[in-house]
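Student: Chains A and B supply the protein sequences, listed in that same order. Under the working numbering, the first sequence has 77 at position 75, and the numbering climbs by one with no breaks. Under the working numbering, the second sequence has 165 at position 132, and the numbering climbs by one with no breaks. What follows is a structure written as structure tokens; I'll ask about it next.
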Amino acid sequence: MKEQNIYILGIESSCDDTAASVIHNGKILSNVVATQKIHEAFGGVVPELASRAHQQNIVPVVHQALKKANISKEQLHAIAFTRGPGLMGSLLVGTSFAKSLAYGLDIPLIDVNHMQAHILAHFIDEDGFKKPPFPFLAMTISGGHTQIVRVDSYFKMTVIGETIDDAVGEAFDKSGKILGLGYPAGPEIDRRAKLGNPKAFKFTKPKVDGLNFSFSGFKTAVLYFIQREVKANPNFIAENLNDICASIQYTIIGILIDKLKLATKETGITHIAIGGGVSANSGIRQALKDGEQKFDWTTYVPKFEFTTDNAAMIAIVGYLKYLEGDFALQDVVASARLKI
Amino acid sequence: MNITYSIDQVEAVAKQLISSATSKTLLFYGDMGVGKTTLIKALVKALGSLDNVSSPTFSLVNEYDLDNENIYHFDLYRINDLEEAYNFGIEDYLDSNHWVIIEWPQIIEPILSGDECIINLSIESENKRQLLLK
């Protein structure tokens, strides 16, 4: 592959959002998520040809991504799409669309694993953000995932720890629900945690062997604690909300950091890259900074728009696979349970 | 069927539930923290799947393998209306003839056939749960 100017379209439709992104070599030119505005820009909502939201969104979102990147679809070198894991009905929309577009334009089709993409988002060229050297440990923390992966090269990854029940984002959101905060509650807990005392209340950390996580028991512990306290004082939550949030956040971050410490000890790897929506949490960011001081870690957090579900991360994987000539055939099928 | 059980009895309860079930679609009702996912973990294992069962609150559905069929494990906690369920293809799953296990099924009640197994879980004490199968 000697070509200098590679343009790739990435399409992501694994869960709630339909998203598209155009990458030029390693640099993102556009990163679009479907919203009502996109329909307006396209000239109104695409008629109800189909009931499913992704089917209504995909044409306008791709149109918008190309327009923002200021290129025509004829300039594309390949189409990358999320093959899995995710919701089958949602994946099928992106897969079918990507196949048709690649076939129509007669350019390569590239299938992308959504979980690998969360990790490879660190390799997007972005001013002020450094890229981790191999090998490194990637921790993906979000509403749906809690995973530690050993990354030896772009495509040699090994899951060394993951949640056996709830994801960490869910621990935040459901604790918030117990406290009467809106769903999702992660950002609100983070905001209040800054105003409270993290050691005001003590929650037991779950005991899980090795590098796996468990947050289901933690959620139940918060529930029982609140029920007990509210029985004694009906105003308990209102009077202590900041302290409760700080204590919950302190415990959850402690669980994550304990496992990271164990993972660095077991692997001898001290480069740690964080991804997923929970990486926006200010407490986890501070704890990682402290880890740089205390344990000699080097930590990496990508730009926020590349950490949640997005198409830029699909586009960067498309680019990396394009360089290797790793293409999919037209008979590729979506896989709801795709593993790393 | 009406049983009170503690966490260490969950595997036996799961087996009993399978032998009493009259449908392959199981609806799990009960408050947060009552142990729905924990019981479903045991249930999936008792059905013979070796897959790790985790919470589908964000993913909406997790799929697990059996020899010749699948288990679809739903959590509809975070969806807001029936439209969203239609959007991800809930009907395809309900009509699939595979095992379909649903936590927080309230929102899709209007499109259920009425033949599903209904499991109600409630908290008896901190360590005891009550299960009611209809």
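Virtual Cβ for every residue (Gly too), placed ideally from N, Cα, C. Quantities reported herein were computed from a predicted structural model and do not represent experimental measurements.
1) Just the C-alpha distance for L166 of chain B and F205 of chain A, rounded to the nearest angstrom, thanks.
2) Is the CB-CB distance between A173 of chain A and G146 of chain A below 7 Å?
3) Considering just the uninterrupted stretch of the alpha helix (DSSP H) at L93 of chain A, what are its terminal residues?
4) Looking at the strands, I want to know which residues DSSP matches up with M159 of chain A.
5) For the beta strand (DSSP E) that contains M315 of chain A, what are its first and last residues?
6) Per DSSP, which one or two residues make a beta bridge with N35 of chain B?
7) Which stretch, first to last residue, makes up the beta strand (DSSP E) that contains I113 of chain A?
8) Measuring alpha carbon to alpha carbon, tell me which of A:D260, A:I126, A:Q149 ends up nearest D156 of chain A.
9) Quick one: does E231 of chain A have its CB under 7 Å from some CB of chain B?
10) Could you tell me the distance, in whole angstroms, from the CA atom of I276 of chain A to the CA atom of L164 of chain B?
11) Identify the residues that DSSP records as bridge partners of K29 of chain A: which are they?
12) Between the segment 142-165 of chain B and chain A, which residues of the former have a C-beta closer than 7 Å to a C-beta of the latter?
13) Which word fits T55 of chain B, buried or exposed, when buried means at least 16 other C-beta atoms lie within 10 angstroms of its C-beta?
14) Determine the DSSP secondary structure at L183 of chain A, reduced to helix, strand or coil.
15) Between which two residues does the beta strand (DSSP E) carrying V94 of chain B extend?
16) Quick one: which chain A residues come within Cβ less than 9 Å of D125 of chain B?
17) In this structure, does DSSP put G285 of chain A in helix, strand or coil?
18) If you draw a straight line from the alpha carbon of L157 of chain B to that of V133 of chain B, how long is it in whole angstroms?
19) Based on DSSP bridge pairs, tell me the residues matched to N153 of chain B.
20) Going straight from the alpha carbon of A140 of chain A to that of H116 of chain A, what length do you get?
21) Run the CB neighbour count on L78 of chain A, radius 10 Å, all protein chains shown included, and call it buried at 16 or more, exposed below.
22) On the DSSP bridge assignment, give the partners of W299 of chain A in chain order.
23) Is S92 of chain A close to the ligand GTP? I mean its beta-carbon at under 6 Å from any heavy atom of the ligand.
24) Between the Cα of D84 of chain B and the Cα atoms of B:F91, B:L76, B:T90, which residue gives the shortest distance?
25) With 16 as the cutoff for other CB atoms within 10 Å, does S23 of chain A come out buried or exposed?
26) Short of 7 Å in beta carbon distance, which residues of its chain neighbour R339 of chain A, apart from the five on each side in sequence? Order them along the chain.
27) Taking contact to mean at least 3 C-beta pairs separated by less than 8 Å, is the segment 320-327 of chain A in contact with the segment 282-300 of chain A?
28) Where does the unbroken beta strand (DSSP E) through I135 of chain B begin, and where does it stop?
29) Leaving out the 5 sequence neighbours to the left and right, which residues in its chain are closer than 8 Å to L89 of chain A when beta-carbon positions are compared?
30) Considering only their Cβ atoms, is the gap separating I30 of chain A from A80 of chain A smaller than 7 Å?
31) Excluding the five sequence neighbours on either side, which residues of its own chain have a C-beta within less than 7 Å of the C-beta of K133 of chain A, listed in chain order?
32) Determine the chain B residues that contact R193 of chain A at a beta-carbon separation under 8 Å, and present them in chain order.
33) By a C-beta neighbour count over all protein chains shown, 10 Å radius and 16 as the cutoff for buried, is G278 of chain A buried or exposed?
34) Could you confirm whether any beta carbon from chain B is found closer than 7 Å to the beta carbon of G146 of chain A?
35) Which word fits A1 of chain A, buried or exposed, when buried means at least 16 other C-beta atoms lie within 10 angstroms of its C-beta?
36) The beta strand (DSSP E) with D125 of chain B in it runs from where to where?
Tutor: In short:
1) For the purposes of this step, residue 166 of chain B is taken as residue 133 along the second sequence, with counting starting at 1. For the purposes of this step, residue 205 of chain A is taken as residue 203 along the first sequence, with counting starting at 1. Cα-Cα distance, rounded: 34 Å.
2) As a position in the first sequence, residue 173 of chain A is number 171, starting the count at 1. As a position in the first sequence, residue 146 of chain A is number 144, starting the count at 1. Taking 7 Å as the Cβ cut-off, A173 of chain A and G146 of chain A do not qualify as a contacting pair.
3) The sequence position of residue 93 of chain A within the first sequence is 91, counting from 1. Segment 90-107, the alpha helix (DSSP H) holding L93 of chain A.
4) For the purposes of this step, residue 159 of chain A is taken as the residue at position 157 of the first sequence. BP columns for M159 of chain A point to A:V153.
5) Taking the first residue of the first sequence as 1, we reach residue 315 of chain A at position 313. Counting along the chain, M315 of chain A falls outside any beta strand (DSSP E), though it belongs to the alpha helix (DSSP H) covering 314-326.
6) Taking the first residue of the second sequence as position 1, residue 35 of chain B is located at position 2. DSSP output for N35 of chain B lists B:L165 as bridge partner(s).
7) Against the first sequence, residue 113 of chain A aligns to sequence position 111. Per the sequence shown, the amino acid found at residue 113 of chain A is Asp instead of Ile. Note, D113 of chain A: beta strand (DSSP E), 111-115.
8) To locate residue 156 of chain A, count along the first sequence from 1; it is residue 154. It should be pointed out that residue 156 of chain A corresponds to Tyr in this sequence rather than to Asp. It is A:I126.
9) In the first sequence, residue 231 of chain A corresponds to position 229, counting from 1. Answer no: the Cβ-Cβ gap between E231 of chain A and chain B never drops below 7 Å.
10) Stepping through the first sequence from its first residue, residue 276 of chain A is reached at position 274. Stepping through the second sequence from its first residue, residue 164 of chain B is reached at position 131. Taking the straight line joining both Cα atoms gives about 40 Å.
11) Within the first sequence, the letter at position 27 stands for residue 29 of chain A. Answer is A:H26, A:D127, bridged to K29 of chain A.
12) E159
13) The sequence position of residue 55 of chain B within the second sequence is 22, counting from 1. Looking at its Cβ environment, which holds fewer than 16 other Cβ atoms inside 10 Å, T55 of chain B is exposed.
14) Here residue 183 of chain A refers to the residue found at position 181 when the first sequence is read from its first residue. Coil at L183 of chain A, not helix or strand.
15) In the second sequence, residue 94 of chain B corresponds to position 61, counting from 1. Per DSSP, V94 of chain B belongs to the beta strand (DSSP E) from 94-98.
16) The sequence position of residue 125 of chain B within the second sequence is 92, counting from 1. M90, G91, listed in chain order.
17) Within the first sequence, numbered from 1, the residue matching residue 285 of chain A stands at position 283. If DSSP states are grouped into helix, strand and coil, G285 of chain A belongs with the helices.
18) Reading the second sequence from its first residue, position 124 is the one you call residue 157 of chain B. Reading the second sequence from its first residue, position 100 is the one you call residue 133 of chain B. It should be pointed out that residue 157 of chain B corresponds to Glu in this sequence rather than to Leu. Near 27 Å, if we compare the C-alpha coordinates of V133 of chain B and E157 of chain B.
19) The residue given as residue 153 of chain B occupies position 120 in the second sequence. Bridge partners of N153 of chain B: B:Y62, B:L165.
20) On the first sequence, position 138 is the one that residue 140 of chain A refers to. On the first sequence, position 114 is the one that residue 116 of chain A refers to. About 14 Å.
21) One-based indexing of the first sequence puts residue 78 of chain A at position 76. The residue in question, L78 of chain A, is buried, as its Cβ has 16 or more Cβ neighbours within 10 Å.
22) Taking the first sequence and counting its residues from 1, one reaches residue 299 of chain A at position 297. W299 of chain A is not bridged to any residue.
23) Within the structure as shown, the ligand GTP is missing, as the structure has no ligands at all.
24) Locating residue 84 of chain B in the second sequence gives position 51, counting from the first residue. Nearest of B:F91, B:L76, B:T90 to D84 of chain B, Cα basis: B:L76.
25) In the first sequence, counting from the first residue as 1, residue 23 of chain A sits at position 21. Burial call: buried.
26) For the purposes of this step, residue 339 of chain A is taken as residue 337 along the first sequence, with counting starting at 1. Cβ within range, chain order: G86, P87.
27) no
28) To locate residue 135 of chain B, count along the second sequence from 1; it is residue 102. 132-136 is the extent of the beta strand (DSSP E) around I135 of chain B.
29) For this step, residue 89 of chain A is matched to residue 87 along the first sequence. Closer than 8 Å at Cβ, skipping near neighbours: S16, C17, A338.
30) On the first sequence, residue 80 of chain A is found 78 positions in, with the first residue counted as 1. On the first sequence, residue 30 of chain A is found 28 positions in, with the first residue counted as 1. No, the Cβ-Cβ distance between A80 of chain A and I30 of chain A is not below 7 Å.
31) Counting from 1 along the first sequence, the entry for residue 133 of chain A is found at position 131. The residues are H124, F125.
32) Working through the first sequence from its first residue, we reach residue 193 of chain A at position 191. What R193 of chain A touches in chain B: nothing, since even the nearest Cβ is about 21 Å away.
33) Translated into positions along the first sequence, residue 278 of chain A becomes position 276. Buried, by the Cβ-count rule.
34) Along the first sequence, read from residue 1 onward, the residue named residue 146 of chain A stands at position 144. Cβ-Cβ to chain B under 7 Å: yes for G146 of chain A.
35) Because chain A is modelled from 3 through 342, residue 1 of chain A falls outside the range shown and cannot be assessed.
36) Here residue 125 of chain B is taken as the residue at index 92 of the second sequence, counted from 1. Taken as a continuous stretch (DSSP letters only), D125 of chain B belongs to no beta strand (DSSP E), being part of the alpha helix (DSSP H) at 123-127.
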